[in-house]
Each structure stands twice: as structure tokens, then as C-alpha cells.
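Below is one structure, written out as C-alpha cells; the observations come after it.
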Ligand SMILES: Cc1cc2nc3c(=O)[nH]c(=O)nc-3n(C[C@H](O)[C@H](O)[C@H](O)COP(=O)(O)OP(=O)(O)OC[C@H]3O[C@@H](n4cnc5c(N)ncnc54)[C@H](O)[C@@H]3O)c2cc1C
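Chains as they are written, first to last, in full-length UniProt numbering: chain A, 1 to 506; chain B, 1 to 254.
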């Protein structure tokens, strides 16, 4: 997956229409001058700075493209400077200077974020963590790893994997996203069902505040009730309160027995029944329960060149995974679950992976969906959480609205796919609409309708991807005014000049 | 030919995705608590047998899967049954098996079951011996077609396209015969839940090497197993001069 995701050329396609509301540049922020560049050169090694001729540097603007455009190629900034410090002290010096001089900064991890939070909006300095990629320590007894924020998730998982542990989170972007970015977005992913939220597994953070202060809270304690738990504020803060430079995180034992099955399910109601029964029968060994619809399956089989494990097509597919330490025990539990599901007709067909390669292929059918949709066209993504019974209704609803609007009827129409997939166990749906290009007449059909719909079910307009630029103006659909006011006060306290990731989140 | 009986050999091996490690005693690779699966070439063999049935219908009267090894080999046999084999024979032994022993065991099974075609993997990915199929053909006095990438059965005649160095070779033989599979022969199917459930009810017979009259004691002794030397990481040099000096003093190639 690693190569696949980064290798997808983001820039081969012509620049898409500007379809998101771009806030005006805040005139209080300083435009970079040669003296600013002098400072950066003084504190950073030359090879860690990218600067275009516009600010007196020598880098070809093409070199900065990857930092200016997001993974979806939907959001794009115009930064002329990318700084890639190697140490926390360097980060501190940069932020202190930028704060004093009112220079806006966008922290960037693997740039796989899906809400426009990781790229500049205008000319903010990009502060990339990619050179901070060392494991600092690993405790073999507790499984606690302490590392730089720029460590790539998959590389960390390999590192702890060799020592018998596994990272408590996993997601399709693992080959590129960084642990610091995961923490900054409070990423969920496919292990959430089993290992829960980063609010629980992150034990400590090292954070540099805009004024250069280094908050050293790199604790490796499981229990520590001394005062306010400040690190929690930074988990999910999307780069708006401080720059995360170090993370310590507890990692569970790597399971030695893993089973994966893909099931063909006749209805969304049956998907829920299957989930209920899976929880009851597999209990503590159930490690993932993911679902997707036939439109997703069509795209993923085509683009990943995979063969369906099932003999025919179904409206819904479910991937169920068990992980444990006793294969016979897990086989028996999963086996009886699958038999019961088949006999009751909840599931109409299914396949059980017989070896690791089949396990990987089955996971690819779920994890390859975002990339496959991206190859089909411009993808609108809504990441919502609502009570499970009505979770999928929105997909049919939106498809209907697009049809009524005459945008989704024949192959000549702009909308190609309306589909849903996600982490059903967590009540989290990814509603995706793929169009030939991003365009207002399509966007208007479901924005802000999706947010209103979610609010009417007391759901969240962002289950795991965050707010970023995309949902900033819609925060009110999920949070009352008083809470947003207090968020603003917290932001003002940590970042009085508002230099960190401006225009985003709030 | 009025009917075709196919015997398929399947072996339980450490899963191909597992990074193997040498055990502490340096006598082999660590196998406890390590994922095992059917040897990938044997999966291809089972798949080919099932495809022959799908193509020829009733002509393929029976597909019999056979595995030699410890109790857990029955898991591998159940996979073969779930993929479409009709019944299974487990030659149960805890002894380490060398290719010659397996070939002898299979030849006895073949003498009893009288298959027209035996399909085996070209090699097992654990010992990479690539000998069993050839030895079995020798013991039975049957023709052999190894490294198959295409298998056609027409009446009593067998045509096999073989992968050879630098190209493909087509051979013909009379049945009965032994075929060993190469990677490109087919892509094995997934085991479907209905078939896994059916497989539980299919007959699985257990026999011992003694029942078959075969002595399986190893003839080879493993002296020592060690890991290949670790690859050293690359180094970035600052200048051409440094490169030259390193090539001279460290790599000793100049
Ligand atoms: C194929 C694919 C699948 C995905 N699947 C999931 C999924 O299952 N679950 C899920 O939750 N998300 C998923 N995502 C989105 C997810 O949010 C990101 O992949 C990931 O968590 C972001 O990490 P990153 O290093 O790429 O951060 P970036 O994209 O670089 O940044 C994301 C945000 O965090 C901030 N940030 C980054 N690093 C730091 C830091 N060190 N300090 C302070 N702020 C920082 C940025 O300013 C930005 O606001 C997926 C994305 C893709 C492309």
C-alpha cells in the first residue's frame, strides 16, 4: 500500500476547479522577507530547507508541489518555504521566531489528511516533520514505544512487530501517514474496534508551543493522575495548538493467530444482525468488522485487479477479523459464528482466508477503496458517525437527490459513483461521491444537506478525519455554541497570535 | 478413457508471508506459534484438479487429497476438501519426512487408489527440495511433466506446457502420469463458507507409514542451520574523493 498511495501522481491531472471556500489571507501575517530566510538558514541545516526564488531561495516550485497540494488534490496552498527540522530544539527556534514575527505556519505530517488541514491555505510556512523519524526508546516488557512524531506508521508497526508487538491503530494510509499526524487528527482506523481511541493508548507527548516552549510530557506511565491531562488537548487538535514532536504510545501484543473472512450480505439490516452476532460469538477476539457496498467492491476489484472471493455480487460485503493467541480457540469461535450466519441466511455467501496472502487480498478489498475511488474521479468524502441503524440511509438518500437533480442517471452525467463503506462497529460511515471533477452544481446537492441530516440524528460531521478547512464552517452542526466558544479561548491561550494552522478547525 | 481419478498431494508449511527465524538449537526454523498454511504450489495443484472437473464434468470421477505429516496436516486436508477435493487421506507421522520417504508413501497410496493422474506442487516452500514428484514418477514407472503452466487432458492423453529456462516446452504423455505445478498454472480459489461446511462432512482417512509398509526414518542429518549474513545498510558519502577512498579501503574493490 505504501508505494501505491504515494506513487499515485497527484499532479498529472489538471488543476481542478476551486470548489471550496478559500478564506481571505489574514493581512496580519507577515510576508516572508530575505531576513526571515537568513534566520531559517542560521538555525537549520541547508538541506532541510526548500525555498523558491520568490523568497530568495533556489528550489524549483515543483519541489514544493507535494507540500502544497493535499492527497485528494482538492486543496492547494501557495507556500514558498518548506522547513524540515531534525530536532525538537530546531522546531522550538522556528516557532518562537515565527510567533514573534507573526509568520503563519502549517505543521505537516505525511500529508494524507482528508479535510484540507495539512496544506497551507495561502503562503504559510510548511513545517514538515518528516526528518524527525527516529524511535527514541522501546520497553520490551510494557510494549511502550517512544518516538519522534515523524515516524511513518507502517515503519513503526514493523519496528514493534519485530519485537512481538503491534501498533494500536492501522489505516489505509499507513505507508505514508506519520504517528504525529495520527495523533494530531486523533485517527481512528480499522483497529479502533479492538484497541480503542488514541486518547487511551497515547501515554505522553512532547509538544512545541507557538512561543517556542517545549512541553515535555513524554510520560511512559499507564497511570498518572497529577493535575490536568494536557496531552489530551493536543490529540485531535489538528496542528492548531502546538507542534507534536514526540509521542509515547502503548502497543499491544501482536496477535499470533489472525483469521479473516469476507461475507456477502443481502441487506443493510443483515449487516447489523451479523455485527451483533459477531460481537456475541467472538467477543474478545473480534478485531475488525468492516463493511462496504457493491459500488465500492466494483471499483476496488477493477482498480486493484483483484478477484472477488465470492461467486456472485451482493449489495453489501463484510470483512470480519479475529486476532488472538490461540488459533484453535479462535478458529472454533469464528467457525461457529460463520456457520450460524450462513444457516440463518443473514449471510448468503462468504470465504475464509486460508493463508496470509488471502488475508492481505481481502484487506486490500477494504483498504484499497479510497485509492480506487480516487482513480475513478474526483472524490467527495464525508466521514460521519450516527447511530448504526440509520447509518447507511444517507447513501440512498444522496443518490436519490443526485438523480432528481439530473446529475446521476446516465454514464454521461457528472456523478459516477455514490457509495458507502466504513467501520460499522464504530458507527462510522464514509459516504463518498465520485464525480468527473469537483464542481459546484454537484456539491450544492449535498452540502450542507449532509451536515443537516447528520445534525438531525445527533451525529458527528467528522467521526475520524477531523475538521480542517473542509468542515470549519460546519462545526456548529455537531457542537453547541458554548463549546465552540471555549475551544476558541483555548486556542487563544496557546496561540495568541493565531500563527499555527490558521483558517482551519475553528 | 471412461473416468479420471486424480490424486493431489498437499503439505502443511510455514506460511509464505512469515519471516522465518532459525530456532535456538540451530537445527531448523522456528515452527512453534508460527502461522502455517497449505504449500502455495499444492494449492495450485488442488485448484487444477478442481478445474479439470469443472471442464470435464463427470469424467473426473474422484479427487483425492493426501497429506503426510503430523496431526495438524488434517487442517491442510480440510482446506483441500473445501476447495473441492472429495475425500482425504492423512498419512500420519511425527517423523521428519524427506522427499524420498514422501515419494514412497505416495507411491503406496497410488498403488491402492489407482489414480490416473497425480498432481503435486513442484516444490514445498519450506525445504525447496523439488524432488518428490520426480521420485514418485520414478517409483511408479510413470511419465512425469514437471513445472506445469498449462495442463490439458484429452482421452487417455496428457498435454502439459512446462516452464523451462528461457521459454515454454510442450510435452505429451500417456496417462497415468505425474504432474508438478508451477506458479503460473492458475490462481487458486478462496474456500467458500458453504464449501468449508461441506468439507467437514467429507471422509478423511488416517493411515500410518507402517500401514503402507514404508520406513520413513531420515537418511540425512542436518548439522546446522544458520541465518544468512545481515545485509549492511548503505552509506551516503559526501564527495567523490570519499567514495573512492571507501571503495579502496572498506570495499576493497579498487
Ligand atoms: C487512504 C487513506 C485512508 C485513510 N483511512 C483513515 C482511517 O481509516 N481512519 C482515520 O481516522 N483517518 C484515515 N485517513 C485520514 C487520516 O487522518 C490520515 O491518514 C492520518 O491520520 C494523518 O496523518 P498524516 O501524518 O498524513 O498527517 P497530515 O495529513 O500531514 O496532517 C493532518 C493534520 O494534522 C496536523 N499535523 C500533522 N502532523 C502534526 C504534528 N506533528 N504536530 C501537529 N500537527 C500535526 C496537520 O497540520 C493537519 O492538520 C485516511 C487517509 C487516506 C489517504
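From the three backbone atoms N, C-alpha and C, an ideal C-beta is built for every residue, glycine too.
Do residue 123 of chain A and residue 78 of chain A come within 8 Å of each other at the CB atom, strictly closer than that value?
Yes, these two residues count as a Cβ contact at 8 Å.
Please name the residue in B:40, B:102, B:115 whose C-alpha comes closest to that of residue 80 of chain B.
Closest by alpha carbon: B:40.
When you measure from the CB of residue 172 of chain A to every non-hydrogen atom of ligand 2, does any distance come out below 7 Å?
This structure simply doesn't include ligand 2; it includes ligand 1 instead.
Throw me the rounded Cβ distance for the residue 102 of chain A and residue 499 of chain A pair, which I believe falls under 8 Å.
About 6 Å separates the CB atoms of residue 102 of chain A and residue 499 of chain A; that is less than 8 Å, so the two are in contact.
Run the proximity test for residue 33 of chain B: is its beta-carbon closer than 7 Å to any non-hydrogen atom belonging to ligand 1?
Residue 33 of chain B Cβ: outside cutoff for every heavy atom of ligand 1.
Would you say the beta carbon of residue 176 of chain A is closer than 7 Å to some non-hydrogen atom of ligand 1?
Within the cutoff, so yes.
With C-beta atoms as the reference, is residue 202 of chain A less than 8 Å away from residue 231 of chain A?
Result yes, Cβ atoms of residue 202 of chain A and residue 231 of chain A sit closer than 8 Å.
Determine the extent of the beta strand (DSSP E) in which residue 90 of chain B is found, giving its start and end residues.
Where residue 90 of chain B is concerned, the enclosing beta strand (DSSP E) stretches over 87–92.
Going by beta-carbon coordinates alone, are residue 260 of chain A and residue 359 of chain A separated by less than 8 Å?
Cβ distance < 8 Å, so residue 260 of chain A and residue 359 of chain A count as in contact.
Helix, strand or coil for residue 214 of chain B, going by three-state DSSP, please let me know.
Residue 214 of chain B: coil per DSSP, three-state reduction.
Measure from the alpha carbon of residue 349 of chain A to the alpha carbon of each residue in A:325, A:472, A:318, then state which is nearest.
Of A:325, A:472, A:318, the smallest CA-CA separation from residue 349 of chain A is found for A:318.
Out of A:478, A:285, A:315, state which residue places its alpha-carbon closest to the alpha-carbon of residue 268 of chain A.
The shortest Cα separation from residue 268 of chain A among A:478, A:285, A:315 belongs to A:315.
Could you check what DSSP says for residue 251 of chain B in three-state terms: helix, strand or coil?
Reduced to three states, the DSSP call for residue 251 of chain B is coil.
To which residues of the same chain is residue 292 of chain A closer than 7 Å at the C-beta, ignoring the five residues directly before and after it?
Contacts found: 317, 366, 369, 421.
C-beta neighbour in chain A for residue 209 of chain B, strict 8 Å:
Among the CB atoms of chain A, none fall inside 8 Å of the CB of residue 209 of chain B.
Using DSSP's beta-bridge definition, name the partner residues of residue 107 of chain A.
DSSP lists A:127 as partners of residue 107 of chain A.
How about residue 229 of chain B: is its C-beta nearer than 8 Å to some C-beta of chain A?
Taking Cβ atoms only, chain A never reaches closer than 8 Å to residue 229 of chain B, which makes this a no.
Below 7 Å, is the gap between the Cβ of residue 304 of chain A and the nearest heavy atom of ligand 1?
If you check the C-beta of residue 304 of chain A against ligand 1, you find no heavy atom less than 7 Å away.
Kindly provide the ranges of any beta strand (DSSP E) runs that are 3 or more residues long and lie completely inside the region 197–221 of chain A, ordered along the chain.
Every unbroken stretch of the beta strand (DSSP E) spanning 3 or more residues and falling wholly within the region 197–221 of chain A is given here in chain order: 202–208, 214–217.
Integer-rounded CB distance, given that residue 419 of chain A should sit under 8 Å from residue 395 of chain A:
Yes, they are in contact, since the Cβ atoms of residue 395 of chain A and residue 419 of chain A sit about 7 Å apart, within 8 Å.
Nonlocal neighbours in the same chain, by C-beta distance under 8 Å from residue 83 of chain B, ignoring five residues either side:
Hits under 8 Å: 43, 46, 47, 50, 188, 189, 191, 195.
By how many angstroms is the C-alpha of residue 414 of chain A removed from the C-alpha of residue 115 of chain A?
When rounded, the separation of the alpha-carbon atoms in residue 115 of chain A and residue 414 of chain A is 22 Å.
Put residue 119 of chain A into one of helix, strand or coil per three-state DSSP.
Note: residue 119 of chain A maps to coil in three-state DSSP.
DSSP state of residue 545 of chain A mapped onto helix, strand, coil
Because chain A here runs from 1 to 506, residue 545 of chain A falls outside it and cannot be looked at.
Less than 7 Å separating the Cβ of residue 595 of chain A from some heavy atom of ligand 1?
The requested residue 595 of chain A does not occur in the structure, where chain A is confined to residues 1 to 506.
Does any C-beta atom of chain D lie closer than 8 Å to the C-beta of residue 182 of chain B?
Of the protein chains in the structure, A and B, none is chain D.
Take residue 379 of chain A as the anchor and find which of A:275, A:96, A:74, A:28 has the nearest alpha-carbon.
With distances taken between Cα atoms, residue 379 of chain A lies closest to A:74.
Does the CB of residue 177 of chain B have a neighbour CB from chain A at under 8 Å?
No, because no Cβ of chain A sits closer than 8 Å to the Cβ of residue 177 of chain B.
Compile a chain-ordered list of the residues in the region 458–490 of chain A whose CB is closer than 9 Å to at least one CB of chain B.
Taking a C-beta cut-off of 9 Å against chain B, none of the residues of the region 458–490 of chain A qualify.
Comparing the CB of residue 185 of chain A with every heavy atom of ligand 1, is any distance shorter than 7 Å?
At a cut-off of 7 Å, the beta-carbon of residue 185 of chain A counts as near ligand 1: some heavy atom of the ligand is closer than that.
Within 8 Å of chain A by C-beta, residues of the region 189–220 of chain B in sequence order:
Answer in chain order: 190, 191, 192, 193, 194, 196, 197.
CA-CA distance, residue 330 of chain A and residue 195 of chain A?
When rounded, the separation of the alpha-carbon atoms in residue 330 of chain A and residue 195 of chain A is 18 Å.
Beta strand (DSSP E) segment containing residue 450 of chain A, residue limits
Going by DSSP, residue 450 of chain A is part of no beta strand (DSSP E) but of the alpha helix (DSSP H) stretching over 449–456.
Where do the ends of the beta strand (DSSP E) carrying residue 292 of chain A lie?
In this chain, the beta strand (DSSP E) harbouring residue 292 of chain A covers 286–293.
Contact between the region 464–480 of chain A and the region 83–94 of chain B: three or more CB pairs below 8 Å?
Taking 8 Å as the limit for Cβ pairs, the verdict is that the region 83–94 of chain B does not touch the region 464–480 of chain A.
Sorry if obvious, but does the Cβ on residue 181 of chain A come closer than 7 Å to a heavy atom of ligand 1?
Result yes, Cβ under 7 Å from ligand 1.
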